[in-house]
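Notes follow once the structure below has been shown.
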Amino acid sequence: MATFARIFAKPLFIFVFYMANVIKLRKGLDVNLKGKANLETMQTKVAGQFALVPDDFYGMKPKVVVKEGDKVKVGDALFVDKNHPEVKFVSPVSGTVALVERGERRKVMSVRVDADGKQEAVSFNEKDPLKLLLESGLFGFFRQRPYDVVANPEDKPKAIFVSAFNSMPLAAEFEYVLKGQEKEWQAGLSLLAKIAKVNLGISSKQKAPALTAAKDCTITVFDGPAPAGNVGVQINNVDPINKGEIVWTLGAEEVIFVGRLVLTGKVDLTRTIAIAGSEVKAPKYAKLLIGQTLNTVLNGQIDESKSLRIISGNPMVGLQVEKNGFIGAHATEVTVIPNGDDVYEMLGWIAPRFKEFSTSRSYFSWLRPKKTEYALDARIKGGERHMIMSGEYDKVFPMDIYAGYLVKAIIAGDIDRQEALGIYEVAPEDFAIAEFVDSSKLELQRIVREGLDILRKENA
Amino acid sequence: MNALRKYFDKIKPNFEEGGKLHAFRSLYDGFETFAFVPNTTARRGGTHVHDAIDSKRIMSLVVIALVPALLFGMYNVGYQNALAAGQLEQATFWGMFFFGFLAVLPKLIVSYVVGLGIEFTVAQWKNEEIQEGFLVSGIIIPMIVPVNTPLWMLAIAVAFSVIFAKEIFGGTGMNIFNVALITRAFLFFSYPSSMTGDDTVWVAQDAICGLGYAVPDTFSAATPLGELAAGVAVPTTSLCDQIIGFIPGSIGETSVIAIALGAILLLWTGVASWKTMLSVFVGGAVTAMLFDAVLPSINDNGDLVNVAAHIPWYQHIVLGGFCFGAVFMATDPVTSARTEGGKWIYGFLIGFVAVTVRVLNPGYPEGMMLAILLMNLFAPLIDYCFVSRNISKRAKRATK
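Going down the list, the sequences are from chains Z and Y. Residues 1 to 460 (the numbering used here) make up the first sequence, in order. Residues 1001 to 1400 (the numbering used here) make up the second sequence, in order.
And the structure:
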């Protein structure tokens, strides 16, 4: 008996340990897109112009605190939040402020810095964790639920949620990004734990000890298709947000930013991002700074004679950018897919269209092996209609929320009903897969974003 | 393909703002998106890639699923005509089919021309794209009316239902009642003598273009359900004929086999909800069995009563519009329950109400139309209950 126990104790322990924290999600959809990044990293030089875009920090009103010609170091604030000036947004490089780009009604579009390549950095030695994050500008990367906007440092969040994987197609694999940065990662988590309870969501496919045995946090393993990696889905399944509660979220790689700050006292906004997509010649990872120009990684990688769509982010949740644009502050990948505005498919309503991917069996993608990769373009492939089919969203929406009804409440502008149906728990990105499968082609992410904005104004 | 594309590109400017044909812009849009998948690309932010499915394809699938029942219906129109004229021996397959084809085609054309005409006008007026919903309603409508329905009645009914059951609610996706059934209900209540009864509505009476036969004036044929309502205990047609569809009835709804072909396509492609469809059948069967067990079959004077209650449950399902309604109209995603749990209840109650009307109301031999319309009305209430459960769960969580 004793031998029996000895043999089985360890596996049993591991089994029980995992079982307690594994959440299996059945709803969702993995779209297998062509052009996944190979697991190799290209190094880039810190040179040229960098841009920090206020719009990347959604929900904040920027107040620029530098002038053109000012010298800045890494970690010097470029702009701050008008309503919370202690929330700073800092330069990723050292150099000279080249331009404060303004758009309509003098809206700040970006603050550009010409890098000097020296990467001189400000040292921060605040002891209070929150103050340290505020001073160094890393707090600006925190987002809050409800509303999915930049967090407010005066709030007391009930927890901080970090998702260590992105389940969207072509997204960077965090397990690969993490390699060699395990110490920073853990240091980051430990600092967060001093502010609030940290919940870490990892994928059942992730095996790195830095993830499965991370300290100072509660680990939940998620097993299921996209959008299982969305932090919103994880919150809903672990500890859903109620009215009046606030949860902060932080990107996994941004935890590493925090760790670097803890270990060195300096800000280092270097990311390892995936350069992926069917139109990238050699998809792989690249080490670069946020705000770097896309030219650095896309030159020679894409065929510029074609009509392409370059996305800062992945094809499900991302922002279309120009080739001479900049890498967004939160982007963990840059993807390039065909734009498709030059494609005319005849009689699409009846043609077999073998190359297309669809969840509907009226196409033939269900016949093809699961590992078939699709090179989808950016066409909507249909006209926008009222919501006709029922249950389409719910099939790919792994939260205890009636997605279709919530969307209708948002369209109708019925705020009480939105609250009742759980709008505080969602972010636009949680609707990305639903928007993909929607046969009525509604712009769900935009609808949800506008709904959240209106609600935030009402509740302010 | 290129030539067509070039032609579209050439005439496009005429339909744009300021063009001389701007008033027909939605018509152009309709044809262009019919010929080519629109190449509008996704917005700057949001989901950049999309599933290839769209409402055009979904509606086309339903239309394709309806084709077997429509073709069989055409054939049956000819068959019933030859049978009534006593000429079945001489009639050829193609002769009967083309007779039926000629009898049904005008209804199909009237239904589409009137319905789509209104849809195009409204789309133009509201500055929207044309919605495909009427493609399905337009083919269903001629299939659920008796073959002798006058075209002018059909035109009025279609116009009424498209305007008052659909467009005033906001178009496809916003309507409360199934458009095709409202058309039928309109006909049923406005022109009852042309829509039901055991007289001359169910079998084509005259030869068309030399095809078919003139039926003697004295002839009358009732549907099996009509016979039951009139107190005939055993329908004059065999169960085999009822399943294949060689019985008098509305044009497209007689053949269980043809409808089953459509059902397979709808279920396989996931366009129709199997939950709704299955539960309609379960509801009908259970209710039929219950009535059979509960109601007396002979009254105190020894007369046969409640004959409709005492046919086998499977006959209830085979006869009348039960199958057609269950497969093509109860599953209409817009007017049916939208929650998954609600679909079970919604379907079951349709089956229940349909058989109840047949059994308990001697005035209405068939209850499927009324059952589906009634449940269309209650579908939002059923959903309300399921959604409220989710809402109260969330509210409870917050106060804990």
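We treat Cβ as the ideally placed atom computed from N, Cα and C, and that holds for glycine. Note that the structure is predicted; figures quoted are calculated from it, not measured.
Segment contact, 8 angstroms Cβ cut-off, at least three pairs: the region 368-388 of chain Z with the region 1024-1038 of chain Y: yes
- Message: List, in chain order, every chain Y residue whose beta-carbon is nearer than 8 angstroms to that of Z:Met387.
- Response: On the first sequence, position 387 is the one that residue 387 of chain Z refers to. In chain order: Gly1173.
Member of Z:Glu356, Z:Thr293, Z:Asp55, Z:Gly180 whose CA lies at the smallest distance from the CA of Z:Val334: As a position in the first sequence, residue 334 of chain Z is number 334, starting the count at 1. Checking every option, the nearest Cα to that of Z:Val334 belongs to Z:Thr293.
Margin query: Considering only their Cβ atoms, is the gap separating Y:Ile1244 from Y:Ala1288 smaller than 9 angstroms?
Written below: Here the question's residue 1288 of chain Y lines up with position 288 in the second sequence. Here the question's residue 1244 of chain Y lines up with position 244 in the second sequence. Their beta carbons are not under 9 angstroms apart, which means Y:Ala1288 does not touch Y:Ile1244 by this criterion.
Exercise for the section: Give the straight-line distance between the Cα atoms of Y:Val1234 and Y:Leu1228, rounded to the nearest whole angstrom. Expected result: Position 234 of the second sequence, counting from 1, holds the residue named residue 1234 of chain Y. Position 228 of the second sequence, counting from 1, holds the residue named residue 1228 of chain Y. If I take the Cα positions, the gap works out to 8 angstroms.
Note to self: If you measure between the beta carbons of Z:Pro153 and Z:Phe139, is that distance less than 9 angstroms?
What the structure shows: Translated into positions along the first sequence, residue 153 of chain Z becomes position 153. Translated into positions along the first sequence, residue 139 of chain Z becomes position 139. Closer than 9 angstroms, so yes.
Practice item. Spatial neighbours of Y:Trp1344 within its chain, please: CB distance less than 6 angstroms, with the 5 preceding and 5 following residues excluded, ordered by chain position. Key: Counted from its first residue, the second sequence places residue 1344 of chain Y at position 344. Lys1275, Ser1279.
For Z:Met19, which residues from the same chain have a beta carbon less than 7 angstroms from its beta carbon, with the 5 sequence-adjacent residues on both sides left out? On the first sequence, residue 19 of chain Z is found 19 positions in, with the first residue counted as 1. Low confidence applies here, because Z:Met19 scores a pLDDT of 48, under 50, leaving its location unreliable; read the following figure in that light. None.
What does a CB cutoff of less than 6 angstroms around Z:Gly463 pick up in its chain, not counting 5 residues either side in sequence? As shown, chain Z starts at 1 and ends at 460. That puts residue 463 of chain Z outside it, with no answer to give.
In whole angstroms, give me the CA-to-CA distance for Z:Lys45 and Z:Gln119. Translated into positions along the first sequence, residue 45 of chain Z becomes position 45. Translated into positions along the first sequence, residue 119 of chain Z becomes position 119. Taking the straight line joining both Cα atoms gives about 11 angstroms.
Practice item. Determine, using beta carbons only, whether Z:Asn339 comes closer than 9 angstroms to chain Y. Key: Here the question's residue 339 of chain Z lines up with position 339 in the first sequence. Yes - at least one Cβ of chain Y is within 9 angstroms of the one on Z:Asn339.
| message | Between Z:Arg353 and chain Y, is the shortest Cβ-Cβ distance under 9 angstroms, so that the two count as touching? | response | Along the first sequence, read from residue 1 onward, the residue named residue 353 of chain Z stands at position 353. Chain Y, which has a Cβ nearer than 9 angstroms to the Cβ of Z:Arg353, makes this yes.
> In chain Z, what lies closer than 8 angstroms to Y:Trp1202 by C-beta?
Replying inline: For the purposes of this step, residue 1202 of chain Y is identified with residue 202 of the second sequence, where counting begins at 1. Going along chain Z, no residue has its Cβ under 8 angstroms from Y:Trp1202, so there is no contact; the nearest lies around 34 angstroms.
Quick check on this structure: which residue in Y:Asn1081, Y:Gln1124, Y:Arg1057 has the alpha carbon closest to the alpha carbon of Z:Met389? Along the first sequence, one-based indexing puts residue 389 of chain Z at 389. Ranking the options by Cα distance to Z:Met389, first place goes to Y:Arg1057.
(message) To the nearest angstrom, how far is the alpha carbon of Y:Gly1302 from that of Y:His1310?
(response) Reading the second sequence from its first residue, position 302 is the one you call residue 1302 of chain Y. Reading the second sequence from its first residue, position 310 is the one you call residue 1310 of chain Y. Roughly 16 angstroms separates the two Cα atoms.
| query | Z:Ile539: which of Z:Ala412, Z:Cys217, Z:Ile302 sits nearest, CA to CA? | reply | It is not possible to answer for residue 539 of chain Z, since the shown part of chain Z is limited to 1 through 460.
To the nearest angstrom, how far is the alpha carbon of Z:Pro352 from that of Z:Phe364?
By 1-based counting over the first sequence, the position of residue 352 of chain Z is 352. By 1-based counting over the first sequence, the position of residue 364 of chain Z is 364. Spanning the two alpha carbons is a distance of roughly 7 angstroms.
Exercise for review: Can you give me the Cβ contacts of Z:Asn295 inside the same chain, cut-off strictly under 7 angstroms, excluding the 5 residues immediately before and after it?
Suggested key: As a working note, residue 295 of chain Z is residue 295 in the first sequence. The residues are Lys323, Asn324.
query = Is the region 1103-1112 of chain Y touching the region 1129-1143 of chain Y in the sense that three or more CB pairs, one from each, lie closer than 8 angstroms?
reply = yes
Given Z:Met1, which residues of its chain have a CB within under 6 angstroms of its CB, disregarding the five upstream and five downstream residues? One-based indexing of the first sequence puts residue 1 of chain Z at position 1. Because the pLDDT at Z:Met1 is just 47, under 50, the model does not fix this residue reliably, and the point stays unresolved.
Point to revise | Contacts of Z:Gln445 in chain Y (Cβ-Cβ under 8 angstroms) | key: Your numbering for residue 445 of chain Z matches position 445 in the first sequence. Under the 8 angstroms cutoff, chain Y gives Gly1045, Gly1046, Thr1047.
task: Could you list which residues in chain Z have their beta carbon closer than 9 angstroms to that of Y:Ala1398, in chain order?
output: For the purposes of this step, residue 1398 of chain Y is taken as the residue at position 398 of the second sequence. Here the neighbours are Asn242, Lys243, Gly244, Glu245.
Positions along the region 1050-1068 of chain Y whose CB lies within less than 7 angstroms of some CB in chain Z: His1050, Asp1051, Ala1052, Ile1053, Asp1054, Ser1055, Lys1056, Arg1057, Ile1058, Ser1060, Leu1061
For Z:Phe124, collect the residues of the same chain with a Cβ closer than 8 angstroms to its Cβ; drop the 5 residues on either side in sequence, then sort them by chain order.
On the first sequence, residue 124 of chain Z is found 124 positions in, with the first residue counted as 1. So the qualifying residues of the chain are Gly75, Leu132, Glu135, Ser136, Leu261, Gly265, Lys266, Val267.
(request) Note down the Cα distance separating Z:Arg446 from Z:Leu455, rounded to an integer number of angstroms. (result) Taking the first sequence and counting its residues from 1, one reaches residue 446 of chain Z at position 446. Taking the first sequence and counting its residues from 1, one reaches residue 455 of chain Z at position 455. The alpha-carbon atoms of Z:Arg446 and Z:Leu455 are separated by roughly 14 angstroms.
Exercise for review: Buried or exposed for Y:Thr1092, please, with buried defined as at least 16 other CB atoms from any protein chain shown within 10 angstroms of its CB.
Suggested key: The count along the second sequence starts at 1 and reaches residue 1092 of chain Y at position 92. Classification for Y:Thr1092: exposed.
> If we count the other Cβ atoms within 10 Å of its Cβ and call it buried at 16 or more, is Y:Cys1209 buried or exposed?
Replying inline: The residue you call residue 1209 of chain Y lines up with position 209 of the second sequence. So Y:Cys1209 ends up on the exposed side.
- May I ask which residues mark the beginning and end of the beta strand (DSSP E) holding Y:Ser1194? As a position in the second sequence, residue 1194 of chain Y is number 194, starting the count at 1. Per DSSP, Y:Ser1194 belongs to no beta strand (DSSP E); it is in the alpha helix (DSSP H), 1192-1195.
*asked:* Am I right that Z:Phe436 and Z:Met316 are in contact with their C-beta atoms under 8 angstroms? What's the rounded C-beta distance?
replied: On the first sequence, position 436 is the one that residue 436 of chain Z refers to. On the first sequence, position 316 is the one that residue 316 of chain Z refers to. At roughly 7 angstroms, the Cβ-Cβ gap stays under 8 angstroms, so Z:Phe436 and Z:Met316 are in contact.
Excluding the five sequence neighbours on either side, which residues of its own chain have a C-beta within less than 6 angstroms of the C-beta of Z:Gly59, listed in chain order?
-> Locating residue 59 of chain Z in the first sequence gives position 59, where the first residue counts as 1. Closer than 6 angstroms at the Cβ level, and outside the excluded window around Z:Gly59, lie Val149, Val150.
Identify each residue in the region 313-344 of chain Z for which the Cβ-Cβ distance to at least one residue of chain Y is less than 8 angstroms, and report them in chain order. Pro315, Met316, Val317, Gly318, Leu319, Gln320, Ile337, Asn339, Gly340, Asp341, Asp342, Val343, Tyr344
Inset, instruction - Please work out which residues of its chain come closer than 8 angstroms, Cβ to Cβ, to Z:Lys243, disregarding the five sequence neighbours upstream and downstream, and give them in chain order. - result: By one-based count along the first sequence, residue 243 of chain Z stands at place 243. Hits under 8 angstroms: Glu419, Tyr424.
| How many Å lie between Y:Asn1148 and Y:Ala1204 at the Cα? | Within the second sequence, the letter at position 148 stands for residue 1148 of chain Y. Within the second sequence, the letter at position 204 stands for residue 1204 of chain Y. The alpha-carbon atoms of Y:Asn1148 and Y:Ala1204 are separated by roughly 6 angstroms.
**Asked** Considering only the beta carbon of each residue, do Z:Ile256 and Z:Glu279 sit closer than 9 angstroms?
**Response** Residue mapping note: residue 256 of chain Z aligns to position 256 of the first sequence, counting from 1. Residue mapping note: residue 279 of chain Z aligns to position 279 of the first sequence, counting from 1. No, these two residues do not count as a Cβ contact at 9 angstroms.
Practice problem: Could you check what DSSP says for Z:Ala121 in three-state terms: helix, strand or coil? | Solution: Residue mapping note: residue 121 of chain Z aligns to position 121 of the first sequence, counting from 1. Z:Ala121 falls in the strand class under three-state DSSP.
**Message:** Beta-carbon within less than 7 angstroms of Y:Phe1072's beta-carbon, same chain only, minus the 5 sequence neighbours each way: which residues are those?
**Reply:** In the second sequence, the residue the question calls residue 1072 of chain Y occupies position 72. Contacts found: Gly1245, Ser1255, Ala1258.
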